[in-house]
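K.L.:
This is the structure I want to talk about, given as structure tokens.
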Amino acid sequence: MPCRNGLIRLQILNSLLLVAVILAHQYTLLNETMYHFLSLLYTLAGMKKLSDLMPKSCFVIEEIDSLLQDSLLAYGLFPGTDATLLYRLPFKGPLVLLIRDSCISLRYAHAKKIGVREYV
366 MPCRNGLIRL QILNSLLLVA VILAHQYTLL NETMYHFLSL LYTLAGMKKL
416 SDLMPKSCFV IEEIDSLLQD SLLAYGLFPG TDATLLYRLP FKGPLVLLIR
466 DSCISLRYAH AKKIGVREYV
């Protein structure tokens, strides 16, 4: 039964994503509105944003905003990468990640645009 519920949940999320894309093209929604809508979809899918994680959290990167993907690829950040959040600086400061024995600092604004799945 859980497998069937997961399939139904995935179909609903795919439908919502299709609606989001159609609305974005038809009405040219503001970036902020689309961001909040996609955040809701991430929450329904069980995905978190990198900016929501606590220090010492291990995670796998699930999705990166298309505008950031090319620049973060040079640092080894791409979907499917395992990483650890080492530090979070206060007042929405940068986050320090450990990726393949390398420490990388990432802006909070960029971390908000990266979808991750946390290991339990």
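Just so we're aligned: the sequence shown equals residues 366 to 485 in my numbering. Ideal placement from N, C-alpha and C gives every residue a C-beta, glycine not left out.
#1: Excluding the five sequence neighbours on either side, which residues of its own chain have a C-beta within less than 8 Å of the C-beta of residue 433, listed in chain order?
#2: Beta carbon of residue 441, beta carbon of residue 425: below 8 Å?
#3: Cα separation between residue 380 and residue 481?
#4: For residue 448, which of helix, strand or coil comes out of DSSP?
#5: Once the 5 residues before and after residue 420 are set aside, which same chain residues still bring their CB inside 7 Å of it?
#6: By the three-class DSSP mapping on this structure, what secondary structure does residue 471 have?
#7: Considering residue 415, what are the terminal residues of the alpha helix (DSSP H) in which it resides?
#8: Report, in whole angstroms, the separation of the C-beta atoms of residue 483 and residue 418, which I expect to be a contact under 8 Å.
#9: From what residue to what residue does the alpha helix (DSSP H) around residue 437 run?
#10: Just mark residue 431 as buried or exposed, buried being the case when its beta carbon has 16 or more other beta carbons within 10 Å.
#11: Which word fits residue 416, buried or exposed, when buried means at least 16 other C-beta atoms lie within 10 angstroms of its C-beta?
#12: Using the Cα positions of residue 368 and residue 468, report the straight-line distance between them to the nearest angstrom.
P.N.:
Working from what's here:
#1: On the sequence shown, residue 433 is found 68 positions in, with the first residue counted as 1. So the qualifying residues of the chain are 475, 478, 479.
#2: By one-based count along the sequence shown, residue 441 stands at place 76. By one-based count along the sequence shown, residue 425 stands at place 60. Not a contact, by the Cβ cut-off of 8 Å.
#3: Within the sequence shown, residue 380 is the residue found at index 15, counting from 1. Within the sequence shown, residue 481 is the residue found at index 116, counting from 1. Their Cα atoms are separated by approximately 21 Å.
#4: As a working note, residue 448 is residue 83 in the sequence shown. It is a strand residue.
#5: Along the sequence shown, one-based indexing puts residue 420 at 55. Closer than 7 Å at Cβ, skipping near neighbours: 450, 451, 452, 453.
#6: Indexing the sequence shown from 1 puts residue 471 at position 106. Note: residue 471 maps to strand in three-state DSSP.
#7: What you label residue 415 is simply residue 50 of the sequence shown in a count that begins at 1. Unbroken run through residue 415: none, as it is neither H nor E.
#8: Translated into positions along the sequence shown, residue 483 becomes position 118. Translated into positions along the sequence shown, residue 418 becomes position 53. So it is a contact: roughly 6 Å between Cβ atoms.
#9: Position 72 of the sequence shown, counted from the first residue, corresponds to residue 437. Looking at the DSSP string, the run of the alpha helix (DSSP H) that includes residue 437 is 431 to 438.
#10: As a first step, residue 431 is located in the sequence shown; it is residue number 66 there, counting from the start. By the neighbour-count rule (16 or more Cβ atoms within 10 Å), residue 431 is not buried but exposed.
#11: For the purposes of this step, residue 416 is identified with residue 51 of the sequence shown, where counting begins at 1. Buried: at least 16 other Cβ atoms inside 10 Å.
#12: The sequence position of residue 368 within the sequence shown is 3, counting from 1. The sequence position of residue 468 within the sequence shown is 103, counting from 1. A caution first: residue 368 carries a pLDDT of 46, below 50, which makes its placement in the model unreliable, though a value can still be read off. For residue 368 and residue 468, the distance between alpha carbons rounds to 38 Å.
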